[in-house]
Amino acid sequence: MINAELVEPHIKSFNYFAEQGITQAVEDIFPVVSEISEIKKVIEISITNPFIGFPAISKDGGDANALKLWPSECRVSCRSYSAKLLATLTIKINNRVVDSARRNLGDIPIMVMSNRCHLTKLSPNQLVKEKEEMNEMGGYFIVNGQEKVVRMLIAQRRNYPLALVRPKWKQRGQYYTQYGISLRCVRDNHTVCNHIIHYLSNRRMLLRLNIKHEQFYVPLLIILKATYDCPDQFLYTELMRGFNEDEFWKGCVVNMLMDLKSENLNSKADALSYLGRLFRAALPVITSTTNMEAGQILIDRYLCVHLNTDREKFDFLIYSAQKLCSLAKEEIVPESPDSIANQEVLLPGMILLLILKERLEIMLTRICRYIVDSIICDSSHQFQMRHITMAVKFTSLVTRALEYFLRTGNLPSNVHHAFSQQSGFCIIAERLNHLRFVGHFRGIHRGAFFSELRSTDVRKLSTEAWGFICPVHTPDGSPCGLLNHLTASCRVTATQGTRDLVINAISKFGLFNMTASAMLNLDSATVLDQYYYRVIVDGSVIGVICEENVQQAIETLRKEKSSGVFLSIFTEICFFSRKTSSMHYPGLFIFTEFGRFMRPVNNLSIEPPSNREYIGTMEQLFLGICIGPEDFEQGVTTHQEIDPTNILSFNAKMIPFPDHNQSPRNVYQCQMAKQTMGTPVHSLMHRTDNKMYCLRTPQSPLVKTESYDAYAIDNYPLGTNAIVAVISYTGYDMEDAMIINKASAERGFAHACIYKTERINLNDRLYEGRNVFFHRDPADATLTAFVDADGLPQVGKLYSKNDPLVCLLDKETGSYMVKRYHSSEDAYVDNIKIIGNGSGAELLKHICVTFRVIRNPFVGDKFASRHGQKGINSFLWPAENMPFTESGMVPDIIFNPHGFPSRMTVGMMIESMAGKSAALHGIKHDATPFKFSDEQPAVEYFGQLLTKAGYNYYGNERMYSGIDGRMLEVDIFFGVVYYQRLRHMVADKFQVRATGAVDLLTKQPVQGRKRGGGIRFGEMERDSLISHGTAFLLHDRLFDNSDKDYACLCTGCGRLISTNFKNFWNNATHQAPNAIVSVTSRMICVICKTSDNIEFVQFPYVLKYLIAELSSVNVTMHFHLK
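Residue 172 in full-length UniProt numbering sits at position 172 of the sequence shown, with consecutive numbering throughout.
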């Protein structure tokens, strides 16, 4: 199914996580060893044979009678769709197994439609029976009833030496320069280790190691010496291979060898002991571990982890060092980390695997620590079974961490992998409409870290992204350029490659391994005057190949990968030639791993039908790709685009005639299409989303693209075909406003509703553990009209504010409680779902009430065409006053013609003509971009169709005023345009306030519509009123309706806070207490000691607050009354 390809990276990455990934991660977790020196015991704990089960639920907590847990049940009951992680937990004491059992290590969230989901192999009809969509795509998790998507994130390309120039590196210390090689090494189980090789101005190189989140800098040659046991002469020869005549590099090598000699490191054992002695405090070793063993642990676990043998690490570091030398000499250009050619994708399965691996390591450490403490505290100092029984409680660490990650999108506190951010990994899979839902799976984010940078380089769309990243589908505003979307044809590799098959295939073309090349001294200056390129497969230098055999090898590899028989179709072949790409360091790179962008093109050197080839981002840089046959150049072009629209995303492909619009309008439409009220799902009766928008009268567009039908968007329609007249009429259509025919709205045009769900759970803390259940009070006759006998609302009943909704009975006290409907908007009860607790023991304790709120078009609601022409409904104009054509047609929408010139949305004009001709001829038109050209213009094609139907060539018609019947002086552009109703409605946004809550500190109105607050009347609004001279209105807004207050002011000293009440009720000469006295006569100035100068004044309360604040720092304010 074509829709399945849209979520393929998510599902395949999770499948790998559940099958091979979890096994590889557990194998990579070293046993936790702890030594108890007092009783001479060594405790060792390890886990093996992990297995992720299927979601199930059981009454007794066991697996024997477990029932299948379905995603629909989790959504309704606010559960998490998860399965148990089982593994063998083994405990050894002094190398003797004391316990080994299969244990539950926690719950793992399961991705819907993955190989661990019960829905995977169901037919469409079976999916409907299980309360799912007929074409359910999956790719998301269900956590506490909410659908969550793990974002795809951009990361540096794995296992590739990236040449960088960063001036900030100079600040790291003396001799540091701006030149460096960045290495992101990733193992098969996605364990990440970052390195940087720095070039120093004293002609030396340092390698940065990351150990337990700390950075260490080690001379490069010490690392090389520790990886391969060889004499210094061999080390010198390997470093100088290909640079025999280079005095610059020769001086660097000699300097580093002299430093190596000064440390007296003559062998691999010396280097390992040296490293072990320096790093053993940072390594997970025990006392009995020797320095040499500690050094080997450093090399194995923290150096180039993507390579398995020390010799492979040796060859890879030498290649990287030579590339750094060329960069320092400026023989090659620096590479950009912002280029998509040097990037890959972090998929959901990879991120989950990294978190799970780290939590399992923490769990083992805590279990081991608990057992050690228990043995020490035990009088017999022996291991007891109760120790492991109590220690198993730490398995909850896994469940909590993964649920916390999916629920909040934040990394667990102890996880510090090579991520550029700690939050923003997960988002809610909103089902506002189908395009928005699918957009979550195609979005790819650069990272939250980059949103705070002032540099715009990271946001720019590079030319290398052609065909991989959509040029128009990105939000406007702060995430612009950071949140991009993959093109519809772009695929992300989510399976492990076929590295061994690649090596076997290229070995047929004279490949010499590194040992043979060293013996034969094959480099760029051999006697036979042949140049040899190094071949790097997935970051491993496997050998060298002669220059004359490279092209033949590449052509053969491309044919084999296109066929997909021996090689994966997602193999990426990148050849940096010293002749044609002299600004890059030469070499033949072949990538077969995870997370790479791939897209299909036609290979012109291969005969159809097996000529379709998937190419990668780095591979594309050195290929000649033409768009059509007319662009073919002999000797240059090697590939051809399958379809020009392959540069567009899933959303952008739905825009009709986008090649005729201004680019920003296509950007706006990609965003507005995801805000459209449409048909979100077909299983509305089985869902409990907080809010869901639904268009009641959707239509299939008369003008649509090929992708619209290919992705079956008619199953989830998004709008209505509207008859639009482009005319300035009545003046209510200024500034993007539009007039809607009132009769059209009454007939059902853009009618919609909102489904809202309210949960009432009698087990919540709100009821404080009381035995409360639903039951109607028989003594209250007023409840009969609203509440059924079971205490639940009446389905189909219209409820208004403060109407009784449910009635509860407290069994202990016998008292009844009524819960009322609190929304200010009337709503119908659409359905009620009664939810159990899984065991069936509790009935009628938890319900979900779904309300249906009617939202028909109203003044202030937002509409938009598919060309970014958004506007609000300014008036529901009576049909008898609307202009009409000679044939009696009355438009549904009046659009202001001033919306066209500056926006340049010619595509909307063409759609109007195409829609009109489609309605006249009873057909649907294809609006796929790039179908028309200057030689075959769209206007000419649709104009001829209109002429055949007897209408004006340009779509103009003679119209008459609906008010007085006079014929309008000019012809009016009149046609059919597909209009969308957006979710932004005035009923959700209008804010009215007379009196209400005020801030306790300033006594000004609080902010927020839900709190009954006011709207901020800011400085610019104040200036606007001043410019109009509306002094009384200004006084009313900023004073009377804000923080108006009264106080007494002493005109003698001018102080506002010096007045106080007299103590005059004790004055015998004063008249009776019930006498009427003025406020001023009851006050006295404590400074002036008199009441003669007291005046009663009005002033803003915030001024009094300011005076009090200033007085606290010994600053006073004086006022003069006039």
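All residues carry an ideal CB built from backbone N, CA and C; glycine is no exception.
Item, Value
"With a 10 Å radius around its C-beta and 16 neighbouring C-beta atoms as the bar for buried, classify Thr571 as buried or exposed.", "buried"
"Quick check: the Cα distance between Asp188 and Phe449, rounded to an integer number of angstroms?", "26 Å"
"With distances taken from CA atoms, which of Asn95, Ala4, Leu206 is nearest Met134?", "Ala4"
"Exposed or buried, His1028, counting other C-beta atoms within 10 Å across all chains shown (16 or more means buried)?", "exposed"
"Whether or not the region 903-918 and the region 657-667 are in contact is what I'm after, with contact meaning three or more pairs of Cβ atoms, one per stretch, closer than 8 Å; do they touch?", "yes"
"Does DSSP put residue 1131 in a helix, in a strand, or in coil?", "Residue 1131 lies beyond the residue range present for the chain, which begins at 1 and ends at 1122; the question has no answer from this structure."
"Buried or exposed: Lys1122, going by 16 or more other Cβ atoms within 10 Å of its Cβ?", "exposed"
"In three-state terms, what does DSSP make of Pro334?", "coil"
"As a quick exercise: from Gly955, Leu200, Lys148, pick the residue whose alpha carbon is nearest that of Ile428.", "Lys148"
"Is it buried or exposed, Asp1092, if we count other Cβ atoms within 10 angstroms and call 16 or more buried?", "exposed"
"What are the start and end residues of the alpha helix (DSSP H) that includes Cys1053?", "Note, Cys1053: premise wrong, no alpha helix (DSSP H); not H, not E."
"Report the rounded CA-to-CA distance for Thr526 versus Tyr533, giving the unit in angstroms.", "Because the pLDDT of Thr526 is 46, which lies under 50, any placement of that residue in the model is unreliable, and the question is left without a value."
"Examine the Cβ distances between the region 252-260 and the region 297-307 and report whether three or more of them are shorter than 8 Å.", "no"
"In or out: Ile963 buried (at least 16 other Cβ within 10 Å) or exposed?", "exposed"
"Quick one, are the C-beta atoms of Leu805 and Tyr821 less than 8 Å apart?", "yes"
"What does a CB cutoff of less than 7 Å around Gly955 pick up in its chain, not counting 5 residues either side in sequence?", "Ser912, Met913, Lys916, Leu946, Phe973, Phe974, Gly975"
"If you run the structure through DSSP and keep just helix, strand and coil, what is Thr676?", "strand"
"Cys426 lies in the beta strand (DSSP E); which residues open and close that run?", "426-428"
"Along the beta strand (DSSP E) that carries Asn761, what are the first and last residues, could you check?", "752-761"
"For a test of the three-state rule: what should DSSP assign to Cys78, helix, strand or coil?", "coil"
"Can you tell me where the alpha helix (DSSP H) with Met618 in it begins and where it stops?", "617-620"
"Does the separation of the CB atoms of Ile739 and Tyr729 fall below 8 Å?", "yes"
"How many Å lie between His921 and Leu702 at the Cα?", "11 Å"
"Roughly how many whole angstroms lie between the Cα atoms of His639 and Val601?", "7 Å"
"Closest to Arg776 by C-alpha separation, out of Ala66, Tyr716, Gln794, would be which residue?", "Gln794"
"Taking the runs of the alpha helix (DSSP H) that are 4 residues or longer, which of them lie wholly in the UniProt domain \"RNA polymerase Rpb2\" (195-345)?", "220-227, 232-240, 247-262, 268-279, 291-302, 310-328"
"State the DSSP-derived secondary structure class of Phe576, mapped to helix, strand or coil.", "strand"
"Please classify Asp378 as buried or exposed, where buried requires at least 16 neighbouring CB atoms within 10 angstroms.", "exposed"
"Comparing alpha-carbon positions, which option in Tyr81, Gly731, Val458 lies nearest Arg407?", "Tyr81"
"Check whether the region 160-175 and the region 381-392 touch, using three or more Cβ-Cβ pairs below 8 Å as the test.", "no"
"Can you give me the C-alpha to C-alpha distance between Gly996 and Asn1041, rounded to a whole angstrom?", "10 Å"
"Does DSSP put Glu19 in a helix, in a strand, or in coil?", "helix"
"Gln669: buried (16+ other C-beta within 10 angstroms of its C-beta) or exposed?", "buried"
"Kindly confirm or deny that the region 492-509 and the region 469-482 touch, where touching means at least three C-beta pairs closer than 8 Å.", "no"
"For Thr526, does the three-state DSSP call read helix, strand or coil?", "Because the pLDDT of Thr526 is 46, which lies under 50, any placement of that residue in the model is unreliable, and the number read from its coordinates should be weighed accordingly. In the structure shown, Thr526 sits in coil (DSSP, three-state: anything other than H, G, I, E or B)."
"Three-state secondary structure (DSSP) at Ile606?", "coil"
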